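The structure appears below as structure tokens.
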Amino acid sequence: MNHNKRAQTVAVVGLGKIGLTLAAVFADSGFDVIGADRKKEVVTLVNKGFSHVKNEPGLDQLVQEVVQNGRLRAVQHTPEAVVEADVVVVIVPVVVSEDNEVDYSFMDAAVEDIGTGLTKGTTVIFETTLPAGDTRNRFGRKLEDISGLKAGADFYLAYSPERVYSNRMIHDLQHYPKIVGGTNGKGLQAASAFYKQSLHCEVIEVDSAETAEFSKTAECVYRDVNIALANELAVYAEKKGVDISEAIKASNSQPFSHIHTPGIGVGGHCIPIYPYFFIKRGLQDGLTPMARKINDSMAAYAVAKIEDYLGILEHKNVLILGLSYRGNVKEPTKTTTLLLTEALKQRKARVYVNDPLFTDQEISTYDMIPLSLEDERISQIDTIILQAFHHEYHFLSFDDFTNCKLIFDGRNDLNKEEIMALGIHYERIGL
């Protein structure tokens, strides 16, 4: 392979929802793309032109097109993809354990495979959100040890955080600026040139891989802290008899005020997870850990409000709408439903969960009782908690919930007047 020409072959390591989207967009830009994923079913689907990622606008058609025109194929064995590549883009999960320590097991395994297939002149770019320093110190060194090559001289190493949002990933890739930092100038130059060619978006070059890594975690901390502020204001406003939604709307009429919407909790792969990259590495005090505590406490706060109205919750039937962490996304990671269920079960309530994006079997794997909205048992529900406002809930009629005494609107999305007209009490975070 001639690495002196413009990079033509890209290996995307990890074909999850972001990896597959990246692979398809790169292929659509004219690159030959080899996607690598250890899951046989994912590889099989992609090679048939199908996307395993659902509810992502434009992705099904794009995958079909680039597979049919020969620009995208998938393999199970990462070294097979890497050895052919001019550019390797790594988007493999790094998660946190139950005690919020970083779990590198997936990424470490992927980096070992990449090192096995790495050849001279290749550019390796990490997109997974990482603690600052990991691209250079953990994974760069591992790649050097396995391949026998030197980062910055024999191969080029850079970091560029993924910044996309589910349900609009293709749009975000084309419209969000791409932040790029290298472990040296050559790595920065190579990665920056690649993204300008493959995504055709603005590229923001920063002075190091560490700066790029830090910037992504800082984005998540900013969101988490501001959501926590909104939640704190909502709780205080309730004590003062103030309608928090009206107060926020009035405050935000000032151009420099951007108070977020309070809610029942924060979930997903990013906001409740990545602040621990700071907290566990020296930022134990201050706003960042306090925001995590506030946002994780909102589920228990909501259950306490329900208990205040209904009394003892033992043997009460509670229906949670939404297993997903937010509306219109099939993603249960760090969902607030887990915290709600824990708090309700501590009070010996019977907890049911409905989510149109999950099968009954999938819901059951979380030790939750699935309940269809067509099930006659809905007439026995005492209270409903809206946790994820899926499209299917937009026009949900509560007429059939004949025993329901309270609806807790965890996302401030339901029509209070319509609910109260049915004789059902309405609650939310704040008045």
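FYI, the numbering for the sequence shown is -23 to -1, 1 to 408, going by mature numbering (1 follows the signal peptide of the UniProt record, and there is no 0). From the three backbone atoms N, C-alpha and C, an ideal C-beta is built for every residue, glycine too. None of the values given here were measured: they were computed from a predicted structure.
The region 382 to 392 makes contact with the region 233 to 248: 3 or more CB pairs, one atom from each, lie closer than 8 Å.
Here the alpha carbon of Val65 sits roughly 17 Å from the alpha carbon of Arg115. A direct Cα-to-Cα measurement between Ile401 and Thr379 gives close to 9 Å. When secondary structure is reduced to three states using DSSP, Asp122 falls in the helix class. Under the three-state reduction of DSSP output, Ile241 falls in the coil class, being neither helix nor strand. Pairing Pro347 with Ser341 gives a Cβ-Cβ distance under 9 Å. By the neighbour-count definition (other C-beta atoms within 10 Å, threshold 16), Arg405 is a buried residue. Between Thr160 and Arg113 a beta carbon distance of about 5 Å is seen, short of the 8 Å cut, so the two are scored as contacting.
The region 271 to 285 makes contact with the region 207 to 220: 3 or more CB pairs, one atom from each, lie closer than 8 Å. In the DSSP assignment, Arg327 falls within the beta strand (DSSP E) that extends over 327 to 331. Each of Asp14, Tyr136, Gln174, Lys(-7) was checked against the Cα of Gly110, and the nearest Cα belongs to Tyr136. DSSP, reduced to helix, strand and coil, places Asp337 within a helical segment of the structure shown. Residue His246 holds the alpha-carbon nearest to the alpha-carbon of Glu308 among Arg354, His246, Arg140, Glu351.
In the assembly as shown, Lys16 is an exposed residue. Its beta-carbon has fewer than 16 other beta-carbons within 10 Å.
The beta-carbon distance between Ile225 and Ala189, rounded to whole angstroms, is 33 Å. This is too long to meet the 8 Å contact definition. Comparing alpha-carbon positions, the option among Tyr213, Pro252, Ile361 lying closest to Asp376 turns out to be Ile361. For Val52, the closest C-alpha among the options Phe8, Leu(-4), Thr96 is that of Leu(-4).
Taking one beta carbon from each stretch, the region 138 to 153 and the region 212 to 222 have fewer than 3 pairs nearer than 8 Å; the two do not touch.
Contact between Phe8 and Val(-14) holds, since their C-beta atoms are separated by about 5 Å, short of 8 Å. For Asn32, there is no enclosing beta strand (DSSP E), as DSSP gives it neither H nor E. Assigned with DSSP and collapsed to three states, Phe103 falls in strand. By the criterion of a C-beta distance shorter than 8 Å, Ser192 is surrounded in its chain by Pro138, Ile156, Val183, once the five residues flanking it on both sides are discounted. Counting along the chain, no beta strand (DSSP E) covers His148; the unbroken alpha helix (DSSP H) around it starts and ends at 146 to 152. Asp376 has no beta-bridge partner at all, per DSSP.
Only buried fits Gly12, as 16 or more other CB atoms lie within 10 angstroms of its CB. Only residues of its own chain outside the window of five on either side were considered, and among them Asn32, Ser143, Asn144 have a CB closer than 7 Å to the CB of Val306, listed in chain order. Here Leu120 has Val88, Ile91, Gly92, Leu95, Val101, Ala128 as same chain residues with Cβ atoms under 7 Å from its own Cβ, once five neighbours each way along the sequence are excluded.
The beta-bridge partner set that DSSP reports for Phe132 consists of Ala128.
A straight-line Cα-Cα distance of about 19 Å links Gln(-16) and Leu39. Rounded to the nearest angstrom, the Cβ distance from Tyr251 to Thr106 is 5 Å, consistent with a contact under 8 Å.
Judged by DSSP secondary structure, Ile362 falls within the beta strand (DSSP E) whose first and last residues are 360 to 363.
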